[in-house]
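Asker:
Protein chains in written order, with my numbering: chain B, 1 to 158; chain X, 1001 to 1124.
1) Quick one, are the C-beta atoms of residue 1066 of chain X and residue 1116 of chain X less than 9 Å apart?
2) Run through the DSSP bridge pairs and tell me what residue 1085 of chain X is partnered with.
3) Would you list the residues sitting across from residue 154 of chain B in a DSSP beta bridge?
4) Might you give, ordered along the chain, the residues of its own chain that have their beta carbon closer than 6 Å to the beta carbon of residue 55 of chain B, omitting 5 neighbours on each side?
5) Roughly how many angstroms lie between the CA atoms of residue 1122 of chain X and residue 1091 of chain X, to the nearest whole one?
6) Could you compute how far the alpha carbon of residue 1071 of chain X sits from the alpha carbon of residue 1112 of chain X?
7) Since residue 50 of chain B contacts residue 1083 of chain X with CB under 8 Å, what's their CB separation in whole angstroms?
8) Is residue 1114 of chain X helix, strand or coil by DSSP?
9) What beta strand (DSSP E) runs, 3 residues minimum, are completely inside the region 34 to 108 of chain B?
10) Could you tell me whether the Cβ atoms of residue 1114 of chain X and residue 1047 of chain X are closer together than 9 Å?
11) Chain B beta carbons: is any one of them nearer than 9 Å to that of residue 1104 of chain X?
12) Comparing alpha-carbon positions, which option in X:1077, X:1030, X:1063, X:1098 lies nearest residue 1118 of chain X?
13) DSSP three-state call for residue 1035 of chain X: helix, strand or coil?
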């Protein structure tokens, strides 16, 4: 069985709303559908090789955030153990999971395309990164007030 | 989105994000060209410092990372071309469409119409 997109046990510690609220925002829009389709090919060898050569990631990203920029974000956000990071518009987990793994912080990833979040959830489990994923729009976060030490996003805000 | 982030951040919490934006001071025609060629999420040129301050952040710092963006955008075009045989089989017509869009975006950045910024601030 694939991992649940909403990992309730952990997210209950940071979210004040019920998971039903989250699943209602699970990306029914055209853009979410388009990105869901794009995640279909994540992990294919040619996609993976290009991604590694361009940005130094193998998370299934097609963004412009390089590994050096991810490291820079981690420094700017002063991340470390006992810190909780929010990554808005996280896609399949780049750079949020990478930053959490490299700094030891916990991370919550939010985005609309469910397929990307499923990939991210599996990657978090595989890498032993603590936190969770939430299907939600960045302007309506079903998360508790004052829960996070830091927040980030890559080419999402507008 | 910035207000939502402020709500869930602790007081003194940090925000740092990357954003692609239309360059300042463009004609309407140039701005349209940038918006058309840009990625799915491109900002419309509003000043982020004022947006952040209005949303309840302070100590805003903006770093222009357009040169790195240009390098990365060019690398995506080059490396997808290098993998074109497999990617065309995998993606079909989408391969050519995405490469075409990347090339238009690259030209737009090279023409100075689109920029990328690393922006940081503190939740007040």
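A virtual CB, placed ideally from N, CA and C, is assigned to each residue, including glycine.
Answerer: On the basis of the data shown:
1) Judged by beta-carbon spacing, residue 1116 of chain X lies within the 9 Å limit of residue 1066 of chain X, meaning their Cβ atoms are closer than that value.
2) The secondary-structure analysis by DSSP pairs residue 1085 of chain X with nothing; it has no beta-bridge partner.
3) X:1018
4) 66
5) 42 Å
6) When the Cα atoms are used, residue 1071 of chain X and residue 1112 of chain X turn out to be separated by approximately 14 Å.
7) Between residue 1083 of chain X and residue 50 of chain B the Cβ distance is about 5 Å, and since that is below 8 Å, they are a contact.
8) Looking at residue 1114 of chain X - three-state DSSP - the assignment turns out to be strand.
9) 84 to 88
10) no
11) no
12) X:1063
13) Secondary structure at residue 1035 of chain X: helix, using DSSP grouped into helix, strand and coil.
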